[in-house]
Structures are given as structure tokens and as C-alpha cells.
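Counting with the numbering used here, you get residues 2 to 366 for the letters of the sequence shown. Comments concern the structure below.
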Amino acid sequence: MKVAFPYFGYDTIALKNFLEMLGAEVVLPPLPTERTLSLGTKYSPELICLPFKITLGNFIEALEAGADTLFMAAGARKCRFGYYHFIQETILKQIDNNVDFYPISQYTPFEFIFQKMPKIFSVSPARVMKSINFLLAHSRLIENFRKLVRQARVIDFTLASIHEKHALEIIADAINLMQIRKARKEIKALFNFADDLPENIIKVGLVGEIYLMLEPFANHDIEKELGKMGVLVLNNRSLYRHIKHLLHIDFDRIKLNHRAYKYLKESPGGEALNTVGEARTFIKNGVDGIIHIFPFTCMPENIALEALQKMSDDYSVPILSLSIDEHTSKIGLLTRLEAFIDILKRVKNQKAVSRVPRSSLLTPH
Ligand code: SF4
């Protein structure tokens, strides 16, 4: 059995190790490229959202690389994610009729632990639980690394890129809990040059649809591009938090839903409530602006967009909404980011000037 699954940003490493702990031979497709996207787009319904197209492209390239068993997360049917796996399986069976395709329902953890995984991999539920425990620890390590590398990029982008490669090797080599503890210390030491950030730094909170927030190919490497501009990006979405949510142990979600409530009372599906709750939290914690990123035609995030516009008016915090599809050009995206950051800098300078007491502005030097 040669197993594959779609890329999920840095967390791909944790998912790969998780499947290997269950005894799978994992065949990762090549890193996503324009070819991945054009293959996915060619076989997809035209108006389906971007994550479907990229993940389908990943699957096709995984089949080319020799995979015969594919895993895809399956969601609730409030938005298209609930239907992804039906359509992808139909398309992939037309390409290779022998492929085994397993949708993994996100909202039935007990079935996952006690039935699905033990049956597919011929392992005990205890081994599945042990692997999930490791997945949690590994994805937490990755969450921590992502936070450190975002800070480091602001201080020294080149050095951060060099250390990023090294840190990713350390993360991939950590295959038990003791090694994870050791890896955490090593990674912290690698990025300790970025412990203290200048006070006047521009900070933006990134919110939106989870796949676009976590997969650099899908978001045109937005975090790195902002880091190059000297902007600190805050991004609270991660596989770690998502798994905790699915296991019903993410208590921060309750706070986020509470924060979102003034602007969005019910979940319209996807991550919309999270988007609104996180944006409000970022604003309350003093970010200079919010960047909202989501796939073109994403229904839940278009609803969140309305709520964010109202929030932007209430708090006078600029919000940039970026809707992304296969036609989005990186150059166009960068131009919009640069213009937005210029606005944030101007607003920050104006605020700083208005805070200076009038008397000191009038004092001759
Ligand atoms: S959340 Fe949006 S992008 Fe994701 S599957 Fe649903 S509609 Fe598509």
C-alpha cells in the first residue's frame, strides 16, 4: 500500500510521520507547482473553490509518483468541503480505476480511532491513539516553529530563510516525543536572534479560509512576502489547533465564537466564525491591519467579509480582503500588499504624531 495525501503547508511533515507511525509507506507528490494547479483545474468543475483544484492536482501527481491509496479529509456539508471527496473520487477513478480513495470524516473522531484506521492499517485503536498523541505534539512543534520564523523574517530575512531549512530538517527527524522536546529547544536557539522585536514594527493579523492560510503555494507565500517587507504576520490557524478542535479540546474556540458573536451569530460553514473571532482578537491586541485571504467563490468567507467590513468601520482598522483563484497573479497580489502596508505605515505615523504632546511639537530644536 503506497499512501498519499494533499500537501498542507508545513504540517505536511506531521501528517506524513503520523501515517508512517501507523505503518504506511507514504509517497508524497512533488511540491505543488503551476503544473499541479493546471492539472487540478483541467479535471475540476470550473467554479469549484481553489483548494479543491490544488488538492486534486496533488492527487494526480501522487498517482504518477506511484501512490495507490489516497486519503482526503471530509467535512460537514455546510459548504463545498463536504462534497470534495465524492467529486474527487469520481474524477480520480476515471484517471485510475484501481486507486483506493479514503475520505476521512473530520467530525467522527471515535470512528476514526476505533474503526477506520484500525481497519485500513490492521493496527489496534491503542496504536492509533498513540499516533494521534504524537501528531498533536509534532503539529504543536510546527506551530511554534512557524511563530518563530515569522518573527525572525522581520529582523533578518536571509538568516531566517537559512535557519528555516535547518529547522525543517530537525522537525522531520523528530520521530518520538523525546526528540520533539529536543527539537523544540534546538529550534528556539536557532531563532533566538529574533527574540526582541522593535516597538514600531507593522503588525498584521492574517485571517481567512484555513487551507489558504496554511498552504504557501495556495497563498503565494504571503507570509514570506510580508516578512520581506519587514511586516510581522500573526496567524493563529494551525493543524495543531484544528486537531484540538476536532477532538473537542480547543477551549480557545469558545472565546473566539464569543468574540465573533457581535458580528456573526451563527456559523455559515467553513472557518467563517474563526475568521471573525480571530480578527476581533487581533484588533483588540493592537494590530495595525487585518489581511483576509480566501478562495474566490468561498461562501462562508464571503459572509465573514461582510462582518469584517463592519468591524473595520467600528474599530477604524484597515482590512485588506484577498480573494484568490487560479488566475490570481503574484505580481498583482504583491502590488496590493505593498499599497496596503504603505497605508498602515502612514496611519501608524499619524497616530504617533497625534500622541506627541502639542508642546513638544512646538519646541524648537
Ligand atoms: S470553506 Fe470555502 S474554500 Fe473551503 S470548501 Fe468551503 S466553500 Fe470551498
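Every residue, glycine too, gets a C-beta built ideally from N, C-alpha and C. All of these numbers come straight from a predicted model, not from anything done at the bench.
Here G24 has F122 as same chain residues with Cβ atoms under 6 Å from its own Cβ, once five neighbours each way along the sequence are excluded.
Sequence-distant Cβ neighbours of S106 in its own chain, meaning closer than 6 Å and more than five residues away, are A75. For F72, the enclosing beta strand (DSSP E) stretches over residues 70-75. Shown here for I171: same chain residues with a beta carbon closer than 7 Å to its own, the five before and five after excluded, namely A184, E187, I188 in chain order. Counting along the chain, P301 sits inside no beta strand (DSSP E); it lies in the alpha helix (DSSP H) bounded by residues 300-316. Following the DSSP letters along the chain, one finds V205 inside the beta strand (DSSP E) bounded by residues 203-209. The C-alpha of F283 is placed about 11 Å away from the C-alpha of R260. Judged by their CB atoms, S324 and F297 are nearer to each other than the 8 Å cut-off. The nearest non-hydrogen atom of the ligand SF4 is less than 7 Å from the C-beta of R81. Looking at the DSSP output, V27 bridges to V4. Per DSSP, the unbroken alpha helix (DSSP H) holding D343 starts and ends at 331-356. Taking a 10 Å sphere around the C-beta of M22, we find 16 or more other C-beta atoms and assign the residue as buried. When V27, N258, A15, S317 are compared, the shortest CA-CA separation from M2 is found for V27. Look at H328 here: in three-state DSSP terms it is coil, with no helix or strand label. Runs of the beta strand (DSSP E) lying entirely within the segment 159-233, each at least 3 residues long, are 203-209 in chain order. According to DSSP, D101 shares a beta bridge with T70.
If you check the C-beta of E302 against the ligand SF4, you find a heavy atom less than 7 Å away. When DSSP reads this structure, G290 sits in a beta bridge with V205. Each residue's CA atom was taken as its position, placing I88 and P110 some 23 Å apart. In this structure, E26 has its beta carbon at no less than 7 Å from each heavy atom of the ligand SF4. For L323, the pairing in a beta bridge is given by DSSP as I294. With a cutoff of 8 Å on beta-carbon distance, G290 and I320 are scored as near each other. Looking only at D314, V277, Y316, I292, the smallest Cα-Cα distance to I304 is reached by V277. Not one heavy atom of the ligand SF4 sits closer than 7 Å to the Cβ of G209. Using a Cβ distance threshold of 8 Å, L191 and A168 count as a contacting pair. Distance from the CA atom of I202 to the CA atom of D196, rounded to whole angstroms, is 14 Å.
In the structure shown, the three-state DSSP call for L48 is coil. Taking the Cα positions, P199 is about 34 Å away from M179.
At least one heavy atom of the ligand SF4 is found less than 7 Å from the C-beta of P52. Counted as a single uninterrupted DSSP element, the alpha helix (DSSP H) harbouring E279 occupies residues 273-285.
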